[in-house]
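Novice:
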Amino acid sequence: MVAGITLGELYTDNLTLAANGSPQQSGWVTQVQPFFKWARSGPRLSGMLDYKMTGYLYAGQSRSNQLAHDLKTRATLAVVEQHLFVDGMASYRRELINNELASGQGTFFLNNNSANVATASLSPYWIQDLGNVGVATLRYTFGRVMYDSHGIPQQGAGLLNGLTDITSQGVQFNLVSPESQTLGWNIGYSDQRIDPDVGNSFEYALAKLGTSWQISNATRLLADVGKETRFLPDGTSRKWGASFWDAGFSVSNTRDHLKLLVGHRFYGRSYEFSWTRSAALLTTMVSYVEQPTDLSQQLLGQNLAQSAPLSTGINGLPSLRQQQVYLMKRGSASVGYEMPTGRLQVTLYDERRTYFILDNHQEKVANGNVDWLFNIGPFTTLTPTVGWQRYQFEDGQTRYNRYAQVVLAHQLNPKNFAALRLRHDSNNVSYALPVVGARTYGANVIFLQLTHLF
Numbered sequence: 001m002v003a004g005i006t007l008g009e010l011y012t013d014n015l016t017l018a019a020n021g022s023p024q025q026s027g028w029v030t031q032v033q034p035f036f037k038w039a040r041s042g043p044r045l046s047g048m049l050d051y052k053m054t055g056y057l058y059a060g061q062s063r064s065n066q067l068a069h070d071l072k073t074r075a076t077l078a079v080v081e082q083h084l085f086v087d088g089m090a091s092y093r094r095e096l097i098n099n100e101l102a103s104g105q106g107t108f109f110l111n112n113n114s115a116n117v118a119t120a121s122l123s124p125y126w127i128q129d130l131g132n133v134g135v136a137t138l139r140y141t142f143g144r145v146m147y148d149s150h151g152i153p154q155q156g157a158g159l160l161n162g163l164t165d166i167t168s169q170g171v172q173f174n175l176v177s178p179e180s181q182t183l184g185w186n187i188g189y190s191d192q193r194i195d196p197d198v199g200n201s202f203e204y205a206l207a208k209l210g211t212s213w214q215i216s217n218a219t220r221l222l223a224d225v226g227k228e229t230r231f232l233p234d235g236t237s238r239k240w241g242a243s244f245w246d247a248g249f250s251v252s253n254t255r256d257h258l259k260l261l262v263g264h265r266f267y268g269r270s271y272e273f274s275w276t277r278s279a280a281l282l283t284t285m286v287s288y289v290e291q292p293t294d295l296s297q298q299l300l301g302q303n304l305a306q307s308a309p310l311s312t313g314i315n316g317l318p319s320l321r322q323q324q325v326y327l328m329k330r331g332s333a334s335v336g337y338e339m340p341t342g343r344l345q346v347t348l349y350d351e352r353r354t355y356f357i358l359d360n361h362q363e364k365v366a367n368g369n370v371d372w373l374f375n376i377g378p379f380t381t382l383t384p385t386v387g388w389q390r391y392q393f394e395d396g397q398t399r400y401n402r403y404a405q406v407v408l409a410h411q412l413n414p415k416n417f418a419a420l421r422l423r424h425d426s427n428n429v430s431y432a433l434p435v436v437g438a439r440t441y442g443a444n445v446i447f448l449q450l451t452h453l454f
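First residue of the sequence shown: 1, per this note's numbering; consecutive thereafter.
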């Protein structure tokens with residue numbers, strides 16, 4: 001368990017992210033941030049909790065003072081040893097309402113374009129070893145997504161219009177043959193229902209039968225067939241309305257884990273690829289996934305598609321206003337290299353979102369990020385970061401964001417730390433038709449922080 005407090009003072013030359021060529025408001029902001037971290041790994045209970053509460057005090061404009069919460073927690077409880085378990089998770093954080101409008105890397109900007117998002121889920125499941133038949137898992141998951149604007153200054157009464165809380169309920173069943181068999185098989189069933197407080201409900205249903213054939217110590221041939229929900233352009237869907245199949249192979253050894261599937265789903269040819277390589281100094285993750293999904297699934301982390309983790313400064317979510325079902329095609333790659341005096345991390349991300357209800361209109365997001373941490377002393381690190389993002393929206397707007405950051409951190413003693421951060425963001429917009437609120441802007445931030453551990 002770790003608890004402490006961070007005190008900070010920052011200066012920015014564009015507090016409201018005003019457009020280039022227009023009057024820009026500079027300002028000093030004081031940060032007060034108590035935090036608490038906990039982790040446990042035991043035979044009956046394992047989990048983690050990471051919470052921080054950040055208060056921002058704006059010099060000369062107290063009406064803008066705000067309070068931001070950031071909570072991430074998850075845990076697993078073993079109720080009946082080796083059989084009955086309960087997973088739980090909860091989060092509370094800020095997200096962008098509209099990605100087309102001004103946004104900055106930091107909750108202290110007064111851009112009137114963010115909302116608090118609370119998510120929670122509870123998932124009991126039963127595991128049963130059936131001997132030579134295999135292992136069966138039955139799971140029920142209840143989830144909830146809620147929106148509010150508590151603690152956010154200058155929010156208009158209608159800013160959350162169009163954002164509706166949702167309830168998610170899902171059932172999953174899997175039966176997998178023993179791993180020792182040369183010829184393996186698996187049966188899978190999942191059905192998740194998304195119920196908005198306002199609006200129409202929809203379901204993600206999938207049933208499949210899979211086989212695998214081990215042709216060497218490290219290689220298996222894979223094949224799946226099944227039925228799934230077909231999503232239609234008018235916003236409706238047909239449960240079990242589409243058949244699918246895929247085939248491919250997997251390779252797994254001490255360093256590499258690779259999987260490739262090619263098949264056909266209701267939207268056409270489908271692909272899935274993942275590769276992870278863990279060496280002494282170099283760790284590589286590459287993935288490509290295709291999956292019908294929506295914002296609520298992404299927020300709850302309950303979609304079937306998993307990919308390489310995103311780095312700081314990369315937003316992998318649609319706008320909170322985009323709550324329709326879409327086809328996600330996401331590719332990501334992450335490379336980490338350990339050096340004698342630091343670590344280099346490179347992350348690439350590309351996603352295409354095709355919205356079924358919007359006549360197959362698309363959003364495209366591409367990002368790149370490079371972090372290079374240098375150990376410049378036994379207690380001091382220097383981390384420069386550069387990154388970019390290209391966001392193409394369905395209405396024809398394209399937004400380009402480039403950022404550069406340098407962080408100097410020093411451990412004063414076992415309980416006290418200091419950090420100085422310099423950051424520059426530039427945002428350029430091009431569009432076929434003007435978009436209200438979209439603008440080209442730049443912002444610079446100087447941020448000094450002191451952290452004390454209790």
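All residues carry an ideal CB built from backbone N, CA and C; glycine is no exception.
Could you round the C-beta distance between Ala218 and Ser243 to whole angstroms and report it? I think they count as a contact, below 8 Å.
Specialist: The residue you call residue 218 lines up with position 218 of the sequence shown. The residue you call residue 243 lines up with position 243 of the sequence shown. Wrong, their Cβ atoms sit about 31 Å apart, outside the cutoff.
Novice: Mind checking Met1: buried by the 16 CB within 10 Å criterion, or exposed?
Specialist: Numbered from 1 along the sequence shown, position 1 holds the residue referred to as residue 1. With fewer than 16 Cβ atoms within 10 Å of its Cβ, Met1 is classed as exposed.
Novice: Considering only the beta carbon of each residue, do Asn116 and His83 sit closer than 8 Å?
Specialist: Start at 1 with the first residue of the sequence shown, and residue 116 comes out as number 116. Start at 1 with the first residue of the sequence shown, and residue 83 comes out as number 83. Against a cut-off of 8 Å, the Cβ pair of His83 and Asn116 comes out as no contact.
Novice: Nearest by alpha-carbon distance to Gly104: which of Ser22, Leu15, Gln31, Trp126 is it?
Specialist: Your numbering for residue 104 matches position 104 in the sequence shown. That would be Leu15, whose Cα lies nearest to the Cα of Gly104.
Novice: Please determine if the stretch 38 to 48 and the stretch 118 to 133 are in contact, where contact requires at least 3 C-beta pairs separated by less than 8 Å.
Specialist: No, because fewer than three Cβ pairs between the stretch 38 to 48 and the stretch 118 to 133 fall closer than 8 Å, the two stretches do not touch.
Novice: Hey, how far is the Cα of Ala68 from the Cα of Gly268?
Specialist: Here residue 68 refers to the residue found at position 68 of the sequence shown. Here residue 268 refers to the residue found at position 268 of the sequence shown. When rounded, the distance between both Cα atoms is 43 Å.
Novice: For Ile357, which of helix, strand or coil comes out of DSSP?
Specialist: Locating residue 357 in the sequence shown gives position 357, counting from the first residue. Three-state result, Ile357: helix.
Novice: Return helix, strand or coil for Ser296, following the three-state DSSP convention.
Specialist: On the sequence shown, residue 296 is found 296 positions in, with the first residue counted as 1. Helix, per DSSP.
Novice: Roughly how many whole angstroms lie between the Cα atoms of Thr254 and Phe202?
Specialist: Your numbering for residue 254 matches position 254 in the sequence shown. Your numbering for residue 202 matches position 202 in the sequence shown. The alpha-carbon atoms of Thr254 and Phe202 are separated by roughly 42 Å.
Novice: Which first and last residues belong to the beta strand (DSSP E) in which Glu272 is found?
Specialist: Taking the first residue of the sequence shown as position 1, residue 272 is located at position 272. Element bounds for Glu272: 268 to 278.
Novice: Use the C-beta contact count for Val79: other C-beta atoms within 10 angstroms, 16 or more gives buried, fewer gives exposed.
Specialist: Position 79 of the sequence shown holds residue 79. Classification of Val79: exposed, given that the 10 Å Cβ count is below 16.
Novice: Measure the C-alpha to C-alpha separation of Ile194 and Tyr204 and round it to an integer number of angstroms.
Specialist: As a position in the sequence shown, residue 194 is number 194, starting the count at 1. As a position in the sequence shown, residue 204 is number 204, starting the count at 1. Straight-line Cα distance between these residues: approximately 8 Å.
Novice: Is the separation between the beta-carbon of Leu448 and that of Gly8 shorter than 8 Å?
Specialist: For the purposes of this step, residue 448 is taken as the residue at position 448 of the sequence shown. For the purposes of this step, residue 8 is taken as the residue at position 8 of the sequence shown. Yes, Cβ-Cβ distance for Leu448 and Gly8 is below 8 Å.
Novice: Just the C-alpha distance for Asn416 and Thr283, rounded to the nearest angstrom, thanks.
Specialist: As a working mapping, residue 416 is identified with position 416 in the sequence shown. As a working mapping, residue 283 is identified with position 283 in the sequence shown. In a straight line, the C-alpha of Asn416 is about 31 Å away from that of Thr283.
Novice: Count the other C-beta atoms from every protein chain shown that fall within 10 angstroms of the C-beta of Ala443, then say buried if there are 16 or more, exposed otherwise.
Specialist: Looking up residue 443 in the sequence shown gives position 443. Buried is the call here.
Novice: Is the beta carbon of Asp224 less than 8 Å from the beta carbon of Trp245?
Specialist: Locating residue 224 in the sequence shown gives position 224, where the first residue counts as 1. Locating residue 245 in the sequence shown gives position 245, where the first residue counts as 1. In this structure, Trp245 lies closer than 8 Å to Asp224 by Cβ.
Novice: Can you give the Cα-Cα distance for Ser216 and Ser250, rounded to whole angstroms?
Specialist: Residue mapping note: residue 216 aligns to position 216 of the sequence shown, counting from 1. Residue mapping note: residue 250 aligns to position 250 of the sequence shown, counting from 1. So the alpha carbons of these two residues sit roughly 11 Å apart.
Novice: Three or more beta-carbon pairs under 8 Å between the stretch 133 to 141 and the stretch 97 to 112, yes or no?
Specialist: No: fewer than three Cβ pairs fall under 8 Å.
Novice: Since Phe379 sits in a beta bridge, which residues does DSSP pair it with?
Specialist: Taking the first residue of the sequence shown as 1, we reach residue 379 at position 379. The partner list for Phe379 (beta bridge, DSSP) is empty, contrary to what the question assumes.
Novice: Could you check how far apart the C-beta atoms of Asn503 and Tyr400 are, in whole angstroms? I think they sit under 8 Å.
Specialist: Residue coverage of the chain in this structure runs from 1 to 454, which leaves residue 503 outside it and unanswerable.
Novice: For Asp395, count neighbouring C-beta atoms within 10 Å of its own C-beta (all shown protein chains included) and say buried if the count is 16 or more, exposed if not.
Specialist: The count along the sequence shown starts at 1 and reaches residue 395 at position 395. Per the 10 Å Cβ criterion, exposed.
Novice: Let me confirm a value: Tyr355 is counted as buried when at least 16 other C-beta atoms fall within 10 Å, else exposed. Which label applies?
Specialist: To locate residue 355, count along the sequence shown from 1; it is residue 355. By the neighbour-count rule (16 or more Cβ atoms within 10 Å), Tyr355 is buried.
Novice: Per DSSP, which residues does Asp87 bridge with? Please list them.
Specialist: One-based indexing of the sequence shown puts residue 87 at position 87. Answer is Thr76, Ser123, bridged to Asp87.
Novice: What number of angstroms, rounded off, separates the C-alpha of Leu480 from the C-alpha of Ser430?
Specialist: The structure shown does not extend to residue 480, since the chain spans only 1 to 454, so no value can be given for it.
Novice: Just the C-alpha distance for Gly235 and Leu258, rounded to the nearest angstrom, thanks.
Specialist: Locating residue 235 in the sequence shown gives position 235, counting from the first residue. Locating residue 258 in the sequence shown gives position 258, counting from the first residue. Their Cα atoms are separated by approximately 36 Å.
Novice: Under a Cβ-count criterion, where at least 16 other Cβ atoms within 10 Å of its own Cβ denotes burial, should Leu420 be classed as buried or exposed?
Specialist: Translated into positions along the sequence shown, residue 420 becomes position 420. The residue is exposed, with fewer than 16 neighbouring Cβ atoms inside 10 Å.
Novice: How about the stretch 330 to 340 and the stretch 271 to 291: do they share at least three Cβ pairs that are nearer than 8 Å?
Specialist: Cβ pair count under 8 Å is three or more, so yes.
Novice: Given a cut-off of 8 Å on the beta-carbon distance, is the pair Ser46 and Thr73 in contact?
Specialist: Along the sequence shown, one-based indexing puts residue 46 at 46. Along the sequence shown, one-based indexing puts residue 73 at 73. For Ser46 and Thr73, no; Cβs fall outside 8 Å.
Novice: Kindly identify the DSSP beta-bridge partner or partners of Ala19.
Specialist: By 1-based counting over the sequence shown, the position of residue 19 is 19. Answer is none; Ala19 lacks a bridge partner.
Novice: Which whole-angstrom value describes the C-beta separation of Ala247 and Leu261, a residue pair presumed to lie in contact below a C-beta threshold of 8 Å?
Specialist: Taking the sequence shown and counting its residues from 1, one reaches residue 247 at position 247. Taking the sequence shown and counting its residues from 1, one reaches residue 261 at position 261. The pair is a contact, with the Cβ atoms about 7 Å apart (cut-off 8 Å).
Novice: In this structure, does DSSP put Arg439 in helix, strand or coil?
Specialist: If you number the sequence shown from 1, residue 439 lands on position 439. DSSP places Arg439 in coil when its eight states are reduced to three.
Novice: Residues in the same chain with beta-carbon distance under 8 Å from Gln33, minus the five sequence neighbours each way, listed in chain order, please.
Specialist: Here residue 33 refers to the residue found at position 33 of the sequence shown. For Gln33, where only same-chain residues beyond five positions count, the Cβ hits under 8 Å are Ile5, Thr6, Leu7, Gly8, Lys52, Met53, Thr54, Gly55.
Novice: Under three-state DSSP, which class holds Arg255?
Specialist: The count along the sequence shown starts at 1 and reaches residue 255 at position 255. Correct three-state label for Arg255: coil.
Novice: According to the Cβ coordinates, are Ser190 and Gln169 closer than 8 Å?
Specialist: Indexing the sequence shown from 1 puts residue 190 at position 190. Indexing the sequence shown from 1 puts residue 169 at position 169. Contact flag unset, no.
Novice: To the nearest angstrom, how far is it from the Cα of Ser274 to the Cα of Asp294?
Specialist: Numbered from its first residue, the sequence shown carries residue 274 at position 274. Numbered from its first residue, the sequence shown carries residue 294 at position 294. For Ser274 and Asp294, the distance between alpha carbons rounds to 22 Å.
Novice: What is the C-beta distance between Tyr337 and Leu281, in whole angstroms, given that I count them as a contact (C-beta under 8 Å)?
Specialist: Your numbering for residue 337 matches position 337 in the sequence shown. Your numbering for residue 281 matches position 281 in the sequence shown. Their Cβ separation, rounded to whole angstroms, is 6 Å, which keeps Tyr337 and Leu281 in contact under 8 Å.
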